[in-house]
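J.:
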Amino acid sequence: MIHLIAFSSDISPEYNHFFLLLVIICGTVGTGIAAFLIYCAWRYRRRDPNELPSQIANYIPVEAAWIGIPAIVFIAMFVYGVKLYFDIERPPDNAQVIYVVAKQWMWKLQHVDGTREINELHVPVGQSIELRMISQDVIHSLYVPDFRIKQDVLPGRYTTIWFRATRPGAYHLFCAEYCGTDHSHMGGWVYAMNPIDYSKWVRQGGAEGSLADTGEKLFHQFACANCHHYSGHGRGPNLVELYGRAVRLEGGGTGVADDAYLRQSILAPNARITEGFRRSIMPTFQGQLTEDQVIALIAYIKAVGARPAQSIATESYEPGTAKPAISAAQPAPSADVTKRSGGR
Amino acid sequence: MAEQSLALREQFATPEQQRESATLGMWIFIVTEAMLFGATFAAFAGYHHWYPAAFNRGSSEMELTMGAVNTAVLICSSFTMSLAEYFAARGKPRFVWFLVLTALIGMLFLGIKFTEYYMHYKDHKLPGFGFQDSSPQSRQVQLFFFLYFVMTGLHSVHLLIGIVLVLLMLIPALIYIDENYSTPIHNISLYWHFVDVIWVFLYAIFYLPGAHLK
Amino acid sequence: MRVAETSLRSIVITWLGLLALTLTSSLIGLLNLGSMNIVIAVVIASVQAFLILGFLMHALYGQALVRVVIVGGIIWFLILMTLTSTDYLTRGWLLPSGK
Amino acid sequence: MATHTLPGATTENYLNSEDGILSWLLTTDHKRIALLYTFSITALFFLGGTFALLMRLQLLTPDGALVDLETYNKLFTMHGIIMVWFFLIPSIPNTIGNFVLPMALGAKDLAFPKLNLLSWYIFMLGAAVALYSIFRGGVDTGWTFYTPLSTGYAMGYVVMAAIGVFISGFSSILTGINFIVTIHRMRVPGLTWFRMPIFCWSMYASSLIFVLATPVLAITLVLVSLERIFHIGVFDPAYGGDPLLFQHLFWFYSHPAVYIMVLPAMAVVSEIIPTFSRKPLFGYKAVAYSSMAIAIVGFLVWGHHMFVAGMSVYAAMAFSFLSYMVAIPSAIKVFNWTATMYKGSIELSTPMLYAIGFVGLFTIGGMSGLFLAAIGIDVHVTDTYFVIAHFHYIMVGGSVMAFLGGMHFWWPKISGKMYPEFLGKLSAITVFLGFNLTFFPQFILGYFGMNRRYGSYAPEFQDLNVLSTAGATILGVGYILPLVYLIWSWKYGEPAPDNPWRTTGLEWKTPSPPPKHNFEVTPVVAWKAYDFEAQREELHLG
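Chains as they are written, first to last, in this note's numbering: chain A, 74 to 417; chain B, 1420 to 1633; chain C, 256 to 354; chain D, 17 to 558.
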């Protein structure tokens, strides 16, 4: 059930107060004008058909007043709106990332620990969640009315939104941007659970390995390992501890190796080439990989960055390829890389 | 004076008012055409900013010499059009020759333009019809060529309309030459010059940026 | 009262000027000036456009209203260009880091 | 000065000067073309209205039992296309504007009468193509044609509908050129810019938008059609294209287009309120400048349709600020209308009821716009029924109310007959009540989170939707009333004097219905706009 004064997410109280303030301001001005109209219509009704009323048609101070006052009020509304917008759009750094892939008429949500959900999202209360979203076909829009969040999901680019549930409960999840025939049915539920239930749910969820593990399988299935050796001597750049680092590009300029950069390097490798590597030897995977697989690969590259390369190299190695010696990670300037990335 | 008022529409008070209204109306129509092309220039600017390398690469694929020659051709057609308008306003019969010359030069421009299109087609550079490009950013280069064909194609359509209008002007001009009759020729010359202005900008953004890469 | 007219002499001069500008912009195009190439090309094209508008299209003579219409058209084109490019220029910028 | 004809004497006027179907189809008389437009847009209005009624019936039940989802999607797309391009945009400028503008300027006709007729034929051709695409199978992309849905994934007749709208765009451009040149060049001696009635100012402002915005729509629809036919285009993300570019170009036209729809409505109201308050419009210069300000600043604000679309944050801030700036001129106008009624001598006849209704509903619509302009608020309420209520309050509560008010106000001049006053008042009140019952619940639905363009919705929204559907039926009845009694009054109404409302304005200085060339002797204006004082003898006042 939609709660009129929903206080179920971090920003909804702030949102409701601002909304209420606007309703009060506009309500008083609206009723004031309506009352004045009705008063004039009655008080100055035409008594004698030939009467000629006073012809005052201008009064500068009043004119100036109703130009100045609305201007000031509107600027205040603008400033407050922007402040609220920044709170909605700026996820805190400790947010737990969940990947969302929108497809014509369903939502696929993938937790980093591997659990995959269709049209449903289980989140612990009190934990800020950052949704990184992409669409496989048309523009969709993830909308949870109770959390006061909405963000279009675009094909070809990651968009992000964040929320922090404060009250357990089941909340509607809608698609807000018209996306074809079953746009009305493309929705589901967000279950905000208190941490104990959530951990119980996760355990019995039985995910068959984390997102990074699926990514690793794909890494070998699509023979990425042939060029991207852990030793750093392969034909492609070394991916160990690459995630979040600044990368010097061919032809000057640097890019931050965030999700968008990695996705572009997978699907359009030659758009931005890392310095020192020859062009056009990496084939494009556009059309071969679905968005879910790209997300899994990125999660794997992120995981490779966190865990020492050694432990990964031994675990799942196909026979027949030389066992690489672990070399120093790729020298890169320790640019101050904001952890949060997500291309807008 | 009576004969002159013959050409005067009844809602105007003076011929001078009629002429000024016609010119003003034509200029406003030219502004609408400018906004029509303006939207495509805005799209070009956005993508040029995002993919400079691909757009320079695409521009280097252009035939610079043919582009430059074509620009000169179109400028000459503007010249003859201005002469036609100049002589028509003075009632001199030779403006008819300049109208014919303008139409011919316009057709020459379209001829050069369509040979260029054909060369691009042969060179597998027509987007959607077997586009191939060796450069790494082949998809963005295809986007460049799509914009190239849409914008120059739209320009060619407008030039074609201009040629038809100029030829239509020949019919009444052959029957009688009347000093007062220069308004339609004045408007068509405005339209023709506008088409030339658009081509000047198209030449600047499509042919020149990558010329040095050839 | 004859139509605001450009003299024959100025038509010929404008024509030659346009041809010269086309030649110069083509030659400049051959030099490798990096990202400045397109800027110079567009600037020269704007000069050519001014010549055509001013002389061949009689904008510098006749009704002042025509000049207002031209300036208005240019301003509206720039509105479309600048406001769309505010999005394209600043799309990559991230928000100041989270709280 | 004005020739006073006895009501009822069948003098020679624009209606009976020639007859036969050809005299109507090949007319270059702005008054006849206005009537041609009136018949065609009324038919299209009721077609679009039936689509709206079907949608409201579908939404009676949460799972939507009337039609399947695909048909519902086609219904709201068709409702959008017809209402926006084939009713609202031509409605006031091409009907009342065509009829009244030349007369209000004292001119014999518009600057380019043949272009005026061409504009009607292009409009009918565009309407025919769009209707053909509807009857062949319809479009299901929404009237906004968002890519990549419209270019890659939609099954309907997108290209045909786009071409239909493309063609009707040129009809708007021709009308815009005609009005601008007429106002600049064809004013009668003595009628300086600041003596013109606000009607002409607002028509000038909306013609500016016609001329400057419509071409961008034309090229955008061409690009969408090309991309749909050749499967490659500037909006295709697979080639590095950006779907948001389409939204930029589309809303660059479509937001100024909503000002095309509301400025003529303001024009009509700025005539009606001074007439029935028998007082000059309060703050004439402020209202004139704010009409121009709305047209100009209206071009800078389109980004507020894309706050959640993935546009850059800083661009969103810029558009939000500019959207608040465009709200100021509208606020000025509303305050000036209400101030006009202060200390006036007010007669609540039908046009005045419609005008007061307009002011009230436009105020609510405008203020809900203030909610949507604040980015933080917009995140929750955009793409919901809050937005639907916002723009229907301005389009239906504003433009359609003003259109009906204007038709009633100038009906004596158009038809030479008076409309039945009681039925007029009844229709005004029915429309007002039906409208509020239909759209006010949608504000609440929007705040609750019911999404727009949903054929079936969550069960908890049902009771408000039932209320809204009830309102829609009352509104439908309210619209049919004027259709019936106005047609009835054309033949059986009692003949109308030249100046039934005893108001200022040049169009009231000729007999009604006016002769073919509007004025036997070209009038000379020596008074300010709405100057009852200067014309008190002529109007037998005071």
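Note that beta-carbon positions come from the ideal geometry of N, C-alpha and C, so glycine has one too.
Between D:Asp-252 and D:Gly-326, what straight-line distance do the alpha-carbon atoms span, to the nearest angstrom?
T.: For the purposes of this step, residue 252 of chain D is identified with residue 236 of the fourth sequence, where counting begins at 1. For the purposes of this step, residue 326 of chain D is identified with residue 310 of the fourth sequence, where counting begins at 1. Looking at the two C-alpha atoms, the distance is approximately 16 Å.
J.: When DSSP builds the beta bridges, which residues end up paired with D:Met-322?
T.: The count along the fourth sequence starts at 1 and reaches residue 322 of chain D at position 306. DSSP output for D:Met-322 lists no bridge partner at all.
J.: Answer with buried or exposed for C:Asn-287, where buried requires no fewer than 16 other C-beta atoms within 10 angstroms of its C-beta.
T.: Position 32 of the third sequence, counting from 1, holds the residue named residue 287 of chain C. By the 10 Å Cβ count, C:Asn-287 comes out exposed.
J.: With three or more C-beta pairs closer than 8 Å as the rule, is the stretch 1518 to 1528 of chain B touching the stretch 1498 to 1509 of chain B?
T.: Contact between the stretch 1498 to 1509 of chain B and the stretch 1518 to 1528 of chain B is present, because at least three Cβ pairs lie under 8 Å.
J.: Excluding the 5 residues flanking D:Leu-126 on each side, which residues of the same chain have their C-beta closer than 7 Å to its C-beta?
T.: On the fourth sequence, position 110 is the one that residue 126 of chain D refers to. Counting only Cβ-Cβ distances below 7 Å, and skipping sequence neighbours, we find His-46, Pro-118, Asn-132, Asn-194, Thr-198.
J.: Please confirm if B:Leu-1632 has its CB atom under 7 Å from at least one CB of chain A.
T.: The residue you call residue 1632 of chain B lines up with position 213 of the second sequence. So no, B:Leu-1632 is outside the interface.
J.: Taking the Cβ atom as the reference point for each residue, do A:Ala-175 and A:Ser-208 lie within a distance shorter than 7 Å?
T.: Residue 175 of chain A sits at position 102 when you count from the first residue of the first sequence. Residue 208 of chain A sits at position 135 when you count from the first residue of the first sequence. Contact: yes.
J.: Between B:Ile-1617 and chain D, is the shortest Cβ-Cβ distance under 7 Å, so that the two count as touching?
T.: Looking up residue 1617 of chain B in the second sequence gives position 198. Answer no: the Cβ-Cβ gap between B:Ile-1617 and chain D never drops below 7 Å.
J.: In whole angstroms, give me the CA-to-CA distance for A:Ile-368 and D:Phe-456.
T.: For the purposes of this step, residue 368 of chain A is taken as residue 295 along the first sequence, with counting starting at 1. For the purposes of this step, residue 456 of chain D is taken as residue 440 along the fourth sequence, with counting starting at 1. Each residue's Cα considered, the two are about 44 Å apart.
J.: Taking Cβ-Cβ distances below 7 Å as the criterion, which residues of the stretch 330 to 343 of chain C are in contact with chain D?
T.: Residues passing the 7 Å Cβ filter: Trp-331, Ile-334, Leu-335, Leu-338, Thr-339, Thr-341, Asp-342.
J.: Whose CA, out of A:Leu-322, A:Asp-331, A:Val-196, A:His-302, lies closest to the CA of A:Asp-270?
T.: Locating residue 270 of chain A in the first sequence gives position 197, where the first residue counts as 1. When each option's Cα is compared against that of A:Asp-270, the closest is A:Val-196.
J.: Below 8 Å CB to CB, which residues in the same chain sit around D:Thr-236 once its five sequence neighbours on both sides are set aside?
T.: For this step, residue 236 of chain D is matched to residue 220 along the fourth sequence. So the qualifying residues of the chain are Phe-262, Leu-265, Phe-266, Tyr-269.
J.: Looking only at C-alpha atoms, which of A:Val-173, A:Leu-322, A:Leu-335, A:Gly-103 sits nearest to A:Tyr-316?
T.: As a working mapping, residue 316 of chain A is identified with position 243 in the first sequence. Answer by Cα proximity: A:Leu-335.
J.: Is the beta carbon of D:Ser-472 sitting closer than 7 Å to the one on D:Gly-80?
T.: What you label residue 472 of chain D is simply residue 456 of the fourth sequence in a count that begins at 1. What you label residue 80 of chain D is simply residue 64 of the fourth sequence in a count that begins at 1. Cβ distance < 7 Å, so D:Ser-472 and D:Gly-80 count as in contact.
J.: How big is the Cα-Cα spacing for D:Val-227 and A:Phe-80?
T.: For this step, residue 227 of chain D is matched to residue 211 along the fourth sequence. For this step, residue 80 of chain A is matched to residue 7 along the first sequence. Distance between the alpha carbons of D:Val-227 and A:Phe-80: 48 Å.
J.: Just how far apart, CA to CA, sit B:Val-1538 and B:Pro-1546?
T.: Residue numbering aside, residue 1538 of chain B sits at position 119 when the second sequence is read from its first letter. Residue numbering aside, residue 1546 of chain B sits at position 127 when the second sequence is read from its first letter. The residue you asked about is not Val; residue 1538 of chain B is Met in the sequence shown. Approximately 13 Å, taken between the alpha carbons.
J.: Can you tell me where the beta strand (DSSP E) holding A:Glu-193 begins and where it ends?
T.: Start at 1 with the first residue of the first sequence, and residue 193 of chain A comes out as number 120. Per DSSP, A:Glu-193 belongs to the beta strand (DSSP E) from 193 to 197.
J.: Name the chain B residues that come within less than 7 Å of D:Phe-128, Cβ to Cβ?
T.: Taking the fourth sequence and counting its residues from 1, the one referred to as residue 128 of chain D is at position 112. In chain order: Gly-1444.
J.: Going by the DSSP bridge assignment, what does A:Leu-215 pair with across the sheet?
T.: On the first sequence, residue 215 of chain A is found 142 positions in, with the first residue counted as 1. Note: A:Leu-215 sits in a beta bridge opposite A:Gln-224, A:Cys-248.
J.: Any contact between the stretch 376 to 387 of chain D and the stretch 341 to 356 of chain D? By contact I mean 3 or more CB pairs, one from each, below 8 Å.
T.: Touching, per the Cβ criterion.
J.: What does a CB cutoff of less than 6 Å around B:Gln-1559 pick up in its chain, not counting 5 residues either side in sequence?
T.: Translated into the one-based positions of the second sequence, residue 1559 of chain B becomes position 140. The residues are Tyr-1470, Ala-1473.
J.: I need the DSSP call for D:Pro-511, collapsed to helix, strand or coil.
T.: For the purposes of this step, residue 511 of chain D is identified with residue 495 of the fourth sequence, where counting begins at 1. Looking at D:Pro-511 - three-state DSSP - the assignment turns out to be strand.
J.: By DSSP, does A:Leu-48 sit in helix, in strand, or in coil?
T.: Outside the modelled stretch of chain A, which goes from 74 to 417, sits residue 48 of chain A, for which no answer is possible.
J.: Can you list, in chain order, the residues of its chain whose CB lies under 6 Å from that of D:Ser-241, leaving out five sequence neighbours each side?
T.: Locating residue 241 of chain D in the fourth sequence gives position 225, counting from the first residue. These residues qualify, in order along the chain: Val-175, Ala-178.
J.: Take the Cβ of B:Trp-1516 as the centre, count every other Cβ of all protein chains shown within 10 Å, and call the residue buried at 16 or more, exposed below.
T.: Reading the second sequence from its first residue, position 97 is the one you call residue 1516 of chain B. Exposed is the call here.
J.: Select from B:Ser-1478, B:Ile-1624, B:Ile-1617, B:Arg-1438 the residue whose C-alpha is nearest the C-alpha of C:Gly-317.
T.: As a position in the third sequence, residue 317 of chain C is number 62, starting the count at 1. Checked all of B:Ser-1478, B:Ile-1624, B:Ile-1617, B:Arg-1438; the closest Cα to C:Gly-317 is B:Arg-1438.
J.: How is the alpha helix (DSSP H) around D:His-200 delimited, first residue to last?
T.: By one-based count along the fourth sequence, residue 200 of chain D stands at place 184. Here the alpha helix (DSSP H) through D:His-200 covers 174 to 201.
J.: Under 7 Å between the Cβ atoms of D:His-424 and D:Thr-366?
T.: Position 408 of the fourth sequence, counted from the start, is the residue given in the question as residue 424 of chain D. Position 350 of the fourth sequence, counted from the start, is the residue given in the question as residue 366 of chain D. In contact: D:His-424 and D:Thr-366 (Cβ atoms closer than 7 Å).
J.: Within 10 angstroms of its Cβ, does A:Pro-134 collect 16 or more other Cβ (buried), or is it exposed?
T.: As a working note, residue 134 of chain A is residue 61 in the first sequence. When all chains shown are included, A:Pro-134 counts as exposed.
J.: Between D:Phe-565 and D:Ile-108, is the Cβ-Cβ spacing less than 7 Å?
T.: Absent from the model: residue 565 of chain D. The displayed extent of chain D is 17 to 558, so no value can be given.
J.: Give, in chain order, every residue of the stretch 111 to 142 of chain D whose Cβ lies closer than 8 Å to some Cβ of chain A.
T.: Listed by position along the chain: nothing, the set is empty.
J.: Is the distance from the Cβ of D:Ser-223 to the Cβ of D:Ala-283 below 7 Å?
T.: Numbered from 1 along the fourth sequence, position 207 holds the residue referred to as residue 223 of chain D. Numbered from 1 along the fourth sequence, position 267 holds the residue referred to as residue 283 of chain D. In this structure, D:Ala-283 does not lie closer than 7 Å to D:Ser-223 by Cβ.
J.: Below 8 Å, how does it come out for the stretch 407 to 417 of chain D and the stretch 428 to 442 of chain D: are there three or more Cβ pairs, yes or no?
T.: Contact between the stretch 407 to 417 of chain D and the stretch 428 to 442 of chain D is absent, because fewer than three Cβ pairs lie under 8 Å.
J.: Are the C-beta atoms of D:Val-540 and some chain A residue less than 7 Å apart?
T.: Position 524 of the fourth sequence, counting from 1, holds the residue named residue 540 of chain D. Judged by the 7 Å Cβ criterion, D:Val-540 is not in contact with chain A.
J.: Under 7 Å between C-beta atoms, does D:Met-327 make it to chain C?
T.: For the purposes of this step, residue 327 of chain D is identified with residue 311 of the fourth sequence, where counting begins at 1. Yes, its Cβ sits closer than 7 Å to a Cβ of chain C.
J.: Would you list the one or two residues that DSSP bridges to A:Leu-322?
T.: If you number the first sequence from 1, residue 322 of chain A lands on position 249. BP columns for A:Leu-322 point to A:Thr-347.
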